[in-house]
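Reading through the structure tokens given below for one structure.
Numbering (the numbering used here), first residue to last: 11 to 164.
Okay, here's the thing in structure tokens:
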């Protein structure tokens, strides 16, 4: 039953990530294309900078969640901290990831072309964002583990 809770929460997190990522993608891509200003190198740099800053904050929040659980046994702080990472960072990190639902969804490159980005900029931003999408998936696993930590431990 305890591992079942982890698996169920992971499935819900995946569903949330896909749903929220689709809603968030237009705004994130518009921001990145606008900041790129037609330059593929600048687009890649902005993408790495924004994604690295968001990842750093997410890891700090998860570290704080672990710290409050270990130090003060404060479940009332651990759960909201880990849940906030699941609700905010994970869909944000997934906005530049590849999807296997190609017939249902347009690729990241296609969406940026619709926003008016040149082809070299779309390729640079998409390539720069793919590793961060993978990192976001790993953070999702960590956040789900931190959320269910108390149940798995006892």
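Ideal placement from N, C-alpha and C gives every residue a C-beta, glycine not left out. Quantities reported herein were computed from a predicted structural model and do not represent experimental measurements.
Secondary structure at residue 129: helix, using DSSP grouped into helix, strand and coil. Taking the CA atoms as reference points, residue 17 sits about 13 Å from residue 159.
By alpha-carbon distance to residue 135, the top candidate from 56, 70 and 72 is 56. The C-alpha of residue 142 lies about 14 Å from the C-alpha of residue 38. In the DSSP assignment, residue 53 falls within the alpha helix (DSSP H) that extends over 50–82. By the beta-carbon neighbour count (other beta carbons within 10 angstroms, threshold 16), residue 67 is exposed. Closest in C-alpha terms to residue 28, from the list 138, 88, 128 and 96, comes 96.
Under the three-state reduction of DSSP, residue 33 is assigned to helix. With respect to residue 100, residue 150 sits close: the two C-beta atoms are nearer than 7 Å.
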